[in-house]
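Working notes, structure below.
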Amino acid sequence: FVRTNVIGTHTLLEAAKKAGNKRFHHVSTDEVFGSLGAQDEPFNETTPYDPRSPYSASKAGSDHLVRAYFHTHGLPVTISNCSNNYGPYHFPEKLIPLIITNLMEGKKIPVYGDGMNVRDWLHVEDHARAIDTIIHKGKIGETYCVGGNGEKTNMEIVKTILGLLCRDESWIEYVEDRKGHDKRYAINFSKIKNELNWEPQITFEEGIKKTVQWFIENEAWWKDVKSGAYQEYYNKQYKK
1 FVRTNVIGTH TLLEAAKKAG NKRFHHVSTD EVFGSLGAQD EPFNETTPYD
51 PRSPYSASKA GSDHLVRAYF HTHGLPVTIS NCSNNYGPYH FPEKLIPLII
101 TNLMEGKKIP VYGDGMNVRD WLHVEDHARA IDTIIHKGKI GETYCVGGNG
151 EKTNMEIVKT ILGLLCRDES WIEYVEDRKG HDKRYAINFS KIKNELNWEP
201 QITFEEGIKK TVQWFIENEA WWKDVKSGAY QEYYNKQYKK
């Protein structure tokens, strides 16, 4: 994580500076803000950073590097902190494609802990539109939180996909919760909505149907991805 998110971001920032302070947009995550309680207000641009995992700590570090290059070198930057994405070409280690592809292979669905962790889901096409909007309309030096207005528990996601693929709950297999598994993420995206006129266009109900259909139609792609080293990763991550 540190090599990719911190050193990698620093390398790109240096390249942008050496190229004559080229426009630089940095895509980050809502995980840098920590974990929310059930009744807490969603994250926004003024939420203090409180990363809880090595991954989110490395992303927080990269965010601060980007801001430092803006303040120190005048590099024209913007930052977006986005909620969980889903859609086509989603790597099958992640929750939604994992559920879909496991069911298509006749395998059970591993669910961490009690399955009640909450995430805010945004279709990848809406995220792409948000990035494009920020690049063309965003104010230099500003941060924009990008959310999907789609808070769901992991169990809600599982049951939705079970229904779409005509399976019952006997396909669920509870596994040991992973370390540093934050309970809830949620994004308040009112800034980008009010200032840049962006908001998600694809509802979760529409997007999840499109996503399931995409994985059905692109079985060769995900089967190739899930072969080889992926299986070792899967066995390690989803141990009972």
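Read in the numbering used here, the sequence shown has 161 at position 161, and its numbers run on one by one without any break.
No residue lacks a Cβ here, since even glycine has one placed at the ideal position from N, Cα and C.
Let me know the secondary structure DSSP gives P110 once reduced to three states.
When secondary structure is reduced to three states using DSSP, P110 falls in the strand class.
Bridge partners for R184 per DSSP, in chain order?
Per DSSP, V118.
Taking the beta strand (DSSP E) that I79 belongs to, which residues open and close that run?
It spans V77 to C82 - the beta strand (DSSP E) in which I79 sits, taken as one unbroken run.
Looking at the secondary structure, which residues open and close the beta strand (DSSP E) in which I172 lies?
Element bounds for I172: I172 to V175.
N- and C-terminal bounds of the alpha helix (DSSP H) containing S56:
Annotation for S56: the continuous alpha helix (DSSP H) segment containing it runs P54 to H73.
For F33, count neighbouring C-beta atoms within 10 Å of its own C-beta (all shown protein chains included) and say buried if the count is 16 or more, exposed if not.
It counts as buried.
Looking at the structure shown, is E105 part of a helix, part of a strand, or coil, going by DSSP?
Three-state DSSP puts E105 in coil, outside helix and strand.
DSSP state of K193, grouped into three classes?
In the displayed model, K193 falls within a helix according to three-state DSSP.
Assign R3 to buried or exposed, taking buried as 16 or more other Cβ atoms, counted over all protein chains shown, within 10 Å of its Cβ.
Result: exposed.
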